Amino acid sequence: MRKKIVAGNWKMNMTLPEGVALAKELNEQLTADKPNCEVVICTPFIHLATIAPMLNDEVIKLGAENCADKAKGAYTGEVSAEMVKSTGAQYVILGHSERRAYYGETAEILKEKVKLALANGLKVIFCVGEVLEEREAGKQNEVVSSQLAGSLFDLTAEEFANIVIAYEPVWAIGTGKTATADQAQEIHAFIRKEIAKQFGEEVAQNTTIQYGGSCKPTNAKELFAKPDVDGGLIGGAALKAADFKGIIDAWKE
Ligand code: PEP
């Protein structure tokens, strides 16, 4: 059966000492009280090499928030998938709406990033989701379908097995507005159908589809109770151990 995954996206928050302290706190809590799901923390690049050896790999994995669309060379300021992997990280978030909106990441650029991440042995948390005007126009399915096809549907089924999808309605990210559990279920089921059309039913059933957008300890249980919601990608609530642990614990009875 597919994995349940709760992943934290720290974004551009936390100095190195602050990040180390948060990772240590989470690691201790999850070692003492084992999660019922896979847990990932995705941190700024500068934290990765320091945090990787601190984590108990049985309870918490590490990821980056981005990687370059080029393998190596004269690309000042960029960090390659190979470099991310060399820190000990296992995951990378790609296609986050903030990267698409503020840094001009197109489907083509993301396609290159995905290929390089997979070639270097990283698992990819690939974000899709519509903006408010698209939701209001009823275009959410069309939008996520083209985001999936534009960057992921040239992969082989074997490669796609290392992709986690994060459905993140942009209107719910950092706004305090959460999609209802029914809205999330409806579009997650649609995403799974699109994956099945491309890669077959078995691959689709094995794909983890996370919900992201103002997920909190108070709403996580209701969202995760839906059959096609396999966990969450968590922004703001991943910055405090108690909140993040509260969401992880939504998988417990
Ligand atoms: C995110 O940016 O991936 C996210 C889900 O943020 P938040 O939880 O703060 O809405």
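Numbering (the working numbering) for the sequence shown: 33 to 285.
Just so you know, even glycine gets a beta-carbon here, dropped at the ideal spot from N, CA and C.
Just so it is clear, the structure is predicted and the values come from calculations on it, not from any experiment.
Per DSSP, Tyr123 lies in no alpha helix (DSSP H) segment; the continuous beta strand (DSSP E) that holds it begins and ends at 123 to 126. By the criterion of a C-beta distance shorter than 6 Å, Phe256 is surrounded in its chain by Ala282, once the five residues flanking it on both sides are discounted. For the pair Gln217 and Asp260, the CB atoms are nearer than the 8 Å cut-off. Less than 8 Å divides the Cβ of Ala189 from the Cβ of Gly232.
Here Ile92 carries a coil assignment [DSSP, helix/strand/coil]. If you compare the alpha carbons of Glu90, His79, Ala221 with that of Glu70, the shortest gap goes to Glu90. In the three-state scheme derived from DSSP, where H, G and I count as helix and E and B as strand, Thr63 is classed as helix.
Setting aside the 5 residues that flank it on each side, Lys143 is surrounded in the same chain by Ser183, each with a C-beta closer than 6 Å to its C-beta; the list follows chain order. Linking Lys36 to Asp262 through their CA atoms gives a straight-line distance of about 5 Å. If you draw a straight line from the Cα of Ala236 to the Cα of Ile227, it comes to about 5 Å.
Shortest Cα-Cα distance from Ala213 to any of Cys247, Glu254, Pro249, Lys248 involves Glu254.
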